[in-house]
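Trainee: Take this structure, written in structure tokens, and hold onto it; I'll ask about it next.
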Amino acid sequence: SLGSENIEHGLAALMLGIGITLAFMALWYRRLGLIANIALLLNLTALVGLMSLLPGVVLTLPGIAGLVLTIGMAVDTNVIIFERIKEEKRKGRPTYQAIEQGYNQAFTTIFDANVTTMITAIILYAIGYGPVKGFAITLALGLLTSVFTGVYISKALSQTLYIKLTNLTGAKA
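The opening residue of the sequence shown carries number 1304 in this note's numbering; numbering runs sequentially from there.
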């Protein structure tokens, strides 16, 4: 049917977008990009897992749009953090301190952006119906998983990678 074809095309576009995003992050940010990619894949896994636990939640075109927006915000979270880390490195901070400062300085910006978007998702859910509610649910869950994976998981992975590289080389990574 026309609806199922649209969903198939939407999912294909989503997969293509994810692939391009993963490639861009890996090429532009190198090691940190790989960390962002792991966090993004964990984010999507957690989001789909949460959605599967909720009764009556099905993936529709608006839900796919919510997934796309979630991916965009998750990538934005990592870009903000990684650019802050680069700024700290340019100031001459050692790598581990640059990672700490980058995450700490980016947190307020990330938190504010996600809270304002969460307010929008709540309003959409409250006044919307049908597909709009589905979009709002997907967006709200995506915001929660994005903040968790973007701030906490990627930070832990960044610190772990730094420690591993330092131990392997005996020098600052």
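Heads up, the beta-carbon is just placed ideally off N, CA and C, and yes, glycines get one too.
1) With contact counted as at least three CB pairs below 8 angstroms, one residue from each stretch, are the segment 1452 to 1464 and the segment 1333 to 1352 in contact?
2) So, for A1316: in the same chain, excluding its five sequence neighbours on each side, which residues have a beta-carbon less than 6 angstroms away from its beta-carbon?
3) Does DSSP classify A1476 as helix, strand or coil?
4) What whole-angstrom Cβ distance do T1373 and L1350 have, given they're in contact under 8 angstroms?
5) Skipping 5 residues on each side, what residues in its chain have a beta carbon closer than 6 angstroms to that of V1450?
6) Taking Cβ positions only, does L1460 come closer than 8 angstroms to chain B?
7) Taking its Cβ as the centre, do 16 or more other Cβ atoms sit within 10 Å of M1328, making it buried, or is it exposed?
8) Mind checking which residues open and close the alpha helix (DSSP H) that includes G1405?
9) Once the 5 residues before and after L1337 are set aside, which same chain residues still bring their CB inside 7 angstroms of it?
10) Give every residue of the same chain whose Cβ lies closer than 7 angstroms to the Cβ of I1402, excluding the five residues on either side of it in the sequence, and list them in chain order.
11) Below 8 angstroms between beta carbons: does that hold for A1424 and A1443?
12) From what residue to what residue does the alpha helix (DSSP H) around K1394 run?
13) Taking just the CA atoms, how far does G1320 sit from E1390?
14) In terms of alpha-carbon separation, which member of M1354, V1435 and I1367 lies closest to L1314?
15) Span of the alpha helix (DSSP H) holding F1438?
Mentor: With the given structure in hand:
1) yes
2) none
3) Only weak support exists for where A1476 lies, its pLDDT of 49 falling under 50; the value from the coordinates is given anyway. Assigned with DSSP and collapsed to three states, A1476 falls in coil, not helix or strand.
4) Taking a contact as a CB-CB distance under 8 angstroms, the pair T1373 and L1350 counts as one, their CB atoms being some 6 angstroms apart.
5) N1417
6) You won't find chain B in this structure, because it holds only one protein chain.
7) It is buried - the Cβ of M1328 has at least 16 other Cβ atoms within 10 Å.
8) T1398 to I1430
9) A1329
10) I1388, S1461, Q1462 and Y1465
11) By the CB criterion at 8 angstroms, A1424 and A1443 fall inside the cutoff.
12) From DSSP, K1394 is part of no alpha helix (DSSP H); its letter is neither H nor E.
13) Each residue's alpha carbon lies about 28 angstroms from the other.
14) I1367
15) Boundaries of the alpha helix (DSSP H) around F1438: P1434 to V1450.
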